[in-house]
Amino acid sequence: MAVNNVPGNSVLKLALHVGDSATGSPILRSRSLNGIKPAATDQDLFDVATALAGLQQYPLNGITRVDNAALLSA
538 MAVNNVPGNS VLKLALHVGD SATGSPILRS RSLNGIKPAA TDQDLFDVAT ALAGLQQYPL
598 NGITRVDNAA LLSA
């Protein structure tokens with residue numbers, strides 16, 4: 538049986554370094570931006586994330602793109 542992948546909206550997540558624990562491990566908090574179009578390029582999302590990181594109180598630790606899709610039988 539064939540399966541079709543139907544892209545849905547993506548999520549852009551920014552991991553922010555808010556401090557360190559008593560053992561020295563980093564404490565991270567995330568900010569999520571929902572409703573990202575699946576056609577958006579990785580470079581465009583990276584540029585937006587770094588621009589938004591400059592507006593945050595804490596330094597940026599990482600950027601993640603999560604793509605969602607529906608799997609439908611053909």
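Under our numbering, the first residue of the sequence shown carries the number 538, and numbering increases by one thereafter. Where is the CB? At the ideal position from N, CA and C, for every residue including glycine. Computed from a predicted structure; not experimentally measured.
**Message:** Taking the beta carbon of A586 as the centre, do at least 16 other beta carbons fall within 10 Å, making it buried, or is it exposed?
**Reply:** buried
**Item:** Spatially closest choice to L551 from Q594, D579, G545 and R566, by CA coordinates
**Value:** R566
**Prompt:** Per DSSP, what kind of secondary structure is N576 in: helix, strand or coil?
**Reply:** Note that residue 576 is Ala in the sequence shown, not Asn. Coil, per DSSP.
**Candidates N541, L582, A539 and L553: closest to Y595 by CA position** = L553
**Asked** In chain order, what residues of the same chain lie with their CB nearer than 6 Å to the CB of A539, ignoring the 5 residues before and after it?
**Response** A611
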